[in-house]
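Residue numbers (our numbering), protein chains in the order written: chain A, 22 to 136; chain B, 2 to 118.
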Amino acid sequence: AQSVTQPDIHITVSEGASLELRCNYSYGATPYLFWYVQSPGQGLQLLLKYFSGDTLVQGIKGFEAEFKRSQSSFNLRKPSVHWSDAAEYFCAVGAMGAAGNKLTFGGGTRVLVKP
Amino acid sequence: GAVVSQHPSRVICKSGTSVKIECRSLDFQATTMFWYRQFPKQSLMLMATSNEGSKATYEQGVEKDKFLINHASLTLSTLTVTSAHPEDSSFYICSARLGGGDNYGYTFGSGTRLTVV
């Protein structure tokens, strides 16, 4: 069965500083990996996704993520955070075929941005 | 892009009543939709997977008679919380699976905050 771990429950970062959110996954085949952002009381917005190809993926809002198969990781980064980046971030792994195309989410990381 | 419209965004109901939540795919056909439940400050937990024209598949521990899912058309899936109780209060989010190939992914509704009093 697939699983996702986001080791950091909370991260506080100063505005303008860099941000890195960790994500580790467990899946028996090539994973489909996603990062989503959720503002309070809202649904999820896709930041970026990885299926194959270049392991460094560019997303929206200046975010990028790097897939490292050897480390089973898909960490999300942003060089300079803005106050509007304060939100909850979820890493997810998707499985095609027999697993029913379900997404499995990590526990989320709440990002707080200090002025 | 593909949009899923979820309504209502908030609902308050009395214990014992039923509440229906709708999710519509606005510009695409959603063969498969997923229903999630999210408790405060927690992650999304998959409740069930619905496929158009067939019975929903429920995750372990989810009462199918309490959480009725109907996916009668390619653009509409509904979740009905029957005989709601305060412990059913939560944030419910629907999601639709998108295409294949490079378009593979999921789009999410904006969620429904259910409060049972």
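No residue lacks a Cβ here, since even glycine has one placed at the ideal position from N, Cα and C.
Query	Result
Should A49 of chain B be labelled buried (16 or more other beta-carbon atoms within 10 Å of its own) or exposed?	buried
Counting C-beta neighbours from all protein chains within 10 Å, is the total for E64 of chain B 16 or more, i.e. buried, or is it exposed?	exposed
Mind checking who W56 of chain A pairs with in its DSSP beta bridge?	A:L69, A:C112
Going by the beta-carbon positions, is the gap between K15 of chain B and T81 of chain B smaller than 9 Å?	no
Using three-state DSSP, classify N71 of chain B as helix, strand or coil.	strand
Whole angstroms is fine: what's the gap from L40 of chain A's alpha carbon to F40 of chain B's?	26 Å
Can you list, in chain order, the residues of its chain whose CB lies under 7 Å from that of L75 of chain B, leaving out five sequence neighbours each side?	Q30, A31, T32, E53
Please list the terminal residues of the continuous beta strand (DSSP E) segment that includes S91 of chain B.	91–99
Closest to S90 of chain B by C-alpha separation, out of B:G100, B:G17, B:G2, would be which residue?	B:G17
Tell me where the beta strand (DSSP E) around N52 of chain B begins and ends.	45–52
Rounded to the nearest angstrom, what separates K82 of chain A and S84 of chain B at their Cα positions?	42 Å
Considering Cα atoms alone, identify which of A:E36, A:Y53, A:Y110 is closest to Y107 of chain B.	A:Y53
What does the alpha-carbon distance come out to for the pair Y32 of chain A and H103 of chain A?	This sequence places Ile at residue 32 of chain A; Tyr is not what is there. When rounded, the distance between both Cα atoms is 14 Å.
Mind pulling the chain A residues with CB within less than 9 Å of R25 of chain B?	By Cβ distance, chain A contributes nothing, its closest Cβ being about 14 Å from R25 of chain B, past 9 Å.
Going along chain B, which residues have a C-beta under 9 Å from K70 of chain A?	Y105, G106
Comparing C-alpha positions only, which one of A:E36, A:Y46, A:P28 sits nearest to Q92 of chain A?	A:Y46
Using C-beta distances below 6 Å, list every residue in its chain close to K67 of chain B, excluding the 5 sequence neighbours before and after it, in chain order.	T83
Exposed or buried, what is E109 of chain A when buried is set at 16 or more other beta-carbons lying within 10 Å of its beta-carbon?	buried
Can you tell me the Cα-Cα spacing of A50 of chain A and R90 of chain A, whole angstroms?	11 Å
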